[in-house]
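Quick note: the sequence shown uses the working numbering, first residue 41, plus one each step. Yeah, the Cβ is synthetic: ideal placement off N, Cα and C, and Gly gets one too. Report on one structure; see the data block that follows.
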Amino acid sequence: MADEAVLSPSLNAQPQTAEWAASWWMPRHEAKLQEIKDRERIDLVMIGDSITQGWESANPDNAAWNMQPVWNEFYAHRHALNLGFSGDRTEHVLWRLRNGQLDGLSPKLAIIMIGTNNLSIKRTPDDTAAGVLAIVEEVRTRLPDTKVLLLGVFPRGEQPDNPVREPIKQINDTLQQRADGETVWYLDVGPKFLNDDGVLPKSIMPDGLHPNAKGYAIWAEAVEPTVAELLGG
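Right under this line is the structure:
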């Protein structure tokens, strides 16, 4: 018999098993399932990794890392659910979506931004993009009446010649082709973070990957016209 096709790593749905995440990842998953059951209304779902999870950061004593004012301005009144999990790659998101995180939901809009952690372990742009697009299709299948806003992978590395910039461009070039303007929309807000010379300022992403509160404000403002249109206000 012919060998069974080997599933692409980015498509092989599985829970996060990294040692550093063992104490919190599955408990967070279970907590999100309970939140979904407890909430009376969820109109907006945000799906992603630590960059999405970061919306939950509340640090009143350090404004640079207190995302709550931006969240409250743009998303709290929109009955948003945060399904961001730090360190997640596409295969982890697929597992979560197939294990309850979309059950019983009927949101108007799902925002997806994922993929940068695939690159962190040297996944190819094609493999990573395939994983992201599989997530889009998973959402479309499970939530056929929900609009999808697919965001390009955010830029990484302070300098424009950082070697990860080109793979990100390749991924985003593939992702934008999925948009049809009827069920799936695409936005690349990455350029909003960059200076004219392509530098990613430390004042926005101090570690060259994770936005601070200023970066989250840029993100929210960049997607706001599209989000408002897709949510109907």
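Contact under 8 Å by Cβ, residue i with residue j
{"i": "N212", "j": "V193", "result": "yes"}
{"i": "G124", "j": "D101", "result": "no"}
{"i": "R196", "j": "V188", "result": "no"}
{"i": "Q54", "j": "H117", "result": "no"}
{"i": "G127", "j": "A61", "result": "yes"}
{"i": "R218", "j": "S50", "result": "no"}
{"i": "L145", "j": "I76", "result": "yes"}
{"i": "K72", "j": "L271", "result": "no"}
{"i": "L240", "j": "E198", "result": "yes"}
{"i": "Q210", "j": "P165", "result": "yes"}
{"i": "N158", "j": "T186", "result": "no"}
{"i": "L121", "j": "I161", "result": "no"}
For residue i, the nearest candidate out of the options (CA to CA)
{"i": "P231", "options": "W259, P246 and P207", "result": "W259"}
{"i": "L191", "options": "I208, R182, D201 and L183", "result": "I208"}
{"i": "N139", "options": "M66, L84, D237 and A169", "result": "M66"}
{"i": "I91", "options": "M245, G171 and K72", "result": "M245"}
{"i": "A268", "options": "P49, Y115 and S97", "result": "Y115"}
{"i": "T214", "options": "D228, E222 and D201", "result": "D228"}
{"i": "G97", "options": "N252, M153 and D78", "result": "Before going further, note that residue 97 is Ser rather than Gly in the sequence given. Of N252, M153 and D78, the residue nearest in Cα terms is N252."}
{"i": "G155", "options": "E80, L249, H69 and N202", "result": "L249"}
{"i": "P265", "options": "Q74, Y226, P109 and S48", "result": "Y226"}
{"i": "I152", "options": "E80, D78, Q93 and N99", "result": "Q93"}
{"i": "P184", "options": "N202, P200, E222 and D201", "result": "E222"}
{"i": "E301", "options": "E59, H119, A262 and A58", "result": "Outside the shown range of the chain (41 to 273) lies residue 301, about which nothing can therefore be said."}
{"i": "A257", "options": "P109, D220, D247 and A150", "result": "P109"}
{"i": "V263", "options": "A58, Q74 and A150", "result": "A150"}
Supposed contact pair residue j and residue i - C-beta distance, whole angstroms, cut 8 Å
{"i": "R182", "j": "L142", "result": "5 Å"}
{"i": "W135", "j": "W111", "result": "Not really, about 26 Å apart at Cβ, beyond 8 Å."}
{"i": "D167", "j": "S63", "result": "With 8 Å as the limit, D167 and S63 do not qualify as a contact, their Cβ atoms being about 29 Å apart."}
- Check whether the stretch 174-184 touches the stretch 101-112, counting contact only when three or more Cβ pairs, one atom from each stretch, lie closer than 8 Å. Taking 8 Å as the limit for Cβ pairs, the verdict is that the stretch 101-112 does not touch the stretch 174-184.
- Task: Count the C-beta pairs between the stretch 76-94 and the stretch 230-244 that are closer than 8 Å, then say yes if the count reaches three, no if not.
- Result: No: the two stretches stay apart, fewer than three of their Cβ pairs being nearer than 8 Å.
- Task: Quick one: which unbroken alpha helix (DSSP H) runs of 4-plus residues sit fully inside the stretch 55-105? Chain order, please.
- Result: If you keep only unbroken alpha helix (DSSP H) runs of at least 4 residues inside the stretch 55-105, you get 65-78 and 90-93.
- Quick one: complete alpha helix (DSSP H) runs, 4+ long, within the stretch 98-157? If one requires a minimum length of 4 residues, the alpha helix (DSSP H) runs lying completely within the stretch 98-157 are 108-114 and 130-138, in chain order.
- Query: Along the chain, which unbroken stretches of the beta strand (DSSP E) at least 3 residues long are found entirely within the stretch 210-273?
  - Reply: Counting only runs of 3 or more, we get 224-227.
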